[in-house]
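Sequence order for the protein chains is V and W. Here the first sequence stands for residues 1 to 119, numbered as in the numbering used here. Here the second sequence stands for residues 120 to 228, numbered as in the numbering used here. Even for Gly, the Cβ is constructed at its ideal location relative to N, Cα and C. It should be emphasised that the depicted structure is a prediction, and the values quoted were computed from it without experimental measurement.
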Amino acid sequence: EVQVAQSGAELKNPAESLEISCQGSGDDFANYWIGWVRQVPGKGLEWMAIIYFRNSETKYSPSFQGQVTISADKSIGTAYLQWRRLKASDTAMYYCATTRDGNFRWDFWGQGTLVTVSS
Amino acid sequence: QSGLTQPASVSGSPGQSITISCTGTSSDVGGYDYVSWYQQHPGKAPKVIIYDVTNRPSGVSNRFSASKSGNTASLTISGLQADDEADYYCESFAGGVYVFGTGTKVTVL
Numbered sequence: 001e002v003q004v005a006q007s008g009a010e011l012k013n014p015a016e017s018l019e020i021s022c023q024g025s026g027d028d029f030a031n032y033w034i035g036w037v038r039q040v041p042g043k044g045l046e047w048m049a050i051i052y053f054r055n056s057e058t059k060y061s062p063s064f065q066g067q068v069t070i071s072a073d074k075s076i077g078t079a080y081l082q083w084r085r086l087k088a089s090d091t092a093m094y095y096c097a098t099t100r101d102g103n104f105r106w107d108f109w110g111q112g113t114l115v116t117v118s119s
Numbered sequence: 120q121s122g123l124t125q126p127a128s129v130s131g132s133p134g135q136s137i138t139i140s141c142t143g144t145s146s147d148v149g150g151y152d153y154v155s156w157y158q159q160h161p162g163k164a165p166k167v168i169i170y171d172v173t174n175r176p177s178g179v180s181n182r183f184s185a186s187k188s189g190n191t192a193s194l195t196i197s198g199l200q201a202d203d204e205a206d207y208y209c210e211s212f213a214g215g216v217y218v219f220g221t222g223t224k225v226t227v228l
């Protein structure tokens, strides 16, 4: 069974950098897409970016283009989301989700990583 | 892309049926048969309950059904149960990227 495990909660100061991770297990992830979803406390879900493990093709939602960087290491089935300079407004729960190429729904979800940005 | 439009809240009594709408554009909901619905209980990750407009993943109750007409998709929950109380989000493929709906809180009275 496919499982997705995310890195732990983070408490950061504004302007600091951050990278969070998401590792899949239970299958060969070469043919999987993996993506990141933001959920601000008390608010809805927002797609941020997705990446294809096989060739690292990336797609960013317009609102997040230039704000974050998605990357992946297919050898270890792990995807990353990186910020260069955090802002207080980046405080949110971040979920990763994955699906096989050719599917258009997100079957497997991580447990979420809470990022708190506060001075 | 802007979020797909959903009603903020819908409520119903146990055993009743409710329907949640999801309105997009020809660039997302109306342009592809790749609409999914997710259920999210408080403090939990979302779970897909409908994909490709009408299909249920294995293990999802047949009380959940969905359809699409033009730029609007709909989710119906029949025989409402206490455990159905959750947030529901539609999602559509939009040509390379995905977009979620604004979310609907379902309350079981």
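Checklist entry - Of the choices Asp203/W, Ala213/W, Gln125/W, whose alpha-carbon is the least far from that of lysine 166/W? => result Asp203/W
- Query: Tell me the DSSP bridge mates of valine 68/V?
  - Reply: Gln65/V
- Query: Which class does aspartate 171/W belong to by DSSP, given the choice of helix, strand or coil?
  - Reply: coil
- Between the Cα of glutamine 3/V and the Cα atoms of Thr116/V, Ser119/V, Thr58/V, Phe108/V, which residue gives the shortest distance? Phe108/V
Worksheet entry | Among Val40/V, Gln65/V, Ala9/V, nearest to alanine 88/V - alpha-carbon criterion | Val40/V
Among Leu45/V, Ala9/V, Gly66/V, Ala15/V, which one has its Cα closest to the Cα of alanine 97/V?
Leu45/V
Taking the alpha carbon of glutamine 65/V as the reference point, which residue from Lys74/V, Ile34/V, Asp28/V, Trp47/V has its own alpha carbon closest? Trp47/V
field: Within-8 Å CB hit, valine 218/W to chain V
entry: yes
Review point. So with Cβ pairs under 8 Å, would you call leucine 114/V a contact of chain W?
Key: no
- DSSP puts glycine 35/V in a beta bridge; with which residues? Ile50/V, Ala97/V
Item to complete: Please state if the CB of alanine 79/V and the CB of isoleucine 34/V are separated by a distance shorter than 8 Å.
Response: yes
*In the structure shown, what three-state DSSP assignment does phenylalanine 29/V receive?*
helix
* How is aspartate 203/W classed by DSSP in three states: helix, strand or coil? -> helix
### Query
Can you check whether the CB of lysine 12/V is closer than 8 Å to the CB of valine 117/V?
yes
Could you name the residues of the same chain whose beta carbon sits closer than 6 Å to that of serine 184/W, not counting the 5 residues immediately before and after it, in chain order? Thr195
If the cut-off is 9 Å on Cβ atoms, which residues from the segment 44-73 of chain V count as contacting chain W, listed in chain order? Gly44, Leu45, Glu46, Trp47, Ala49, Ile50, Lys59, Tyr60, Ser61, Pro62, Ser63
(message) Given this structure, state the Cα-to-Cα distance separating serine 130/W from glutamine 159/W, to the nearest angstrom.
(response) 16 Å
I'd like to check one pair, isoleucine 70/V with tryptophan 36/V: are the Cβ atoms closer than 8 Å?
yes
Open item on the list: Can you look up serine 75/V in the DSSP assignment and give me helix, strand or coil?
Closed with: helix
May I ask you to report which of helix, strand or coil DSSP gives alanine 88/V? helix
- prompt: How would you list, in chain order, the residues of chain W whose beta-carbon sits under 8 Å from the beta-carbon of tyrosine 95/V?
  reply: Ala164, Pro165
| task | Can you say whether alanine 30/V is buried or exposed, counting buried as having 16 or more other CB atoms within 10 angstroms of its CB? | result | exposed
- Beta-carbon separation (whole angstroms), glycine 214/W vs serine 146/W, contact threshold 8 Å: 7 Å
Just checking: is the beta-carbon of serine 180/W within a distance shorter than 8 Å of some beta-carbon in chain V?
no
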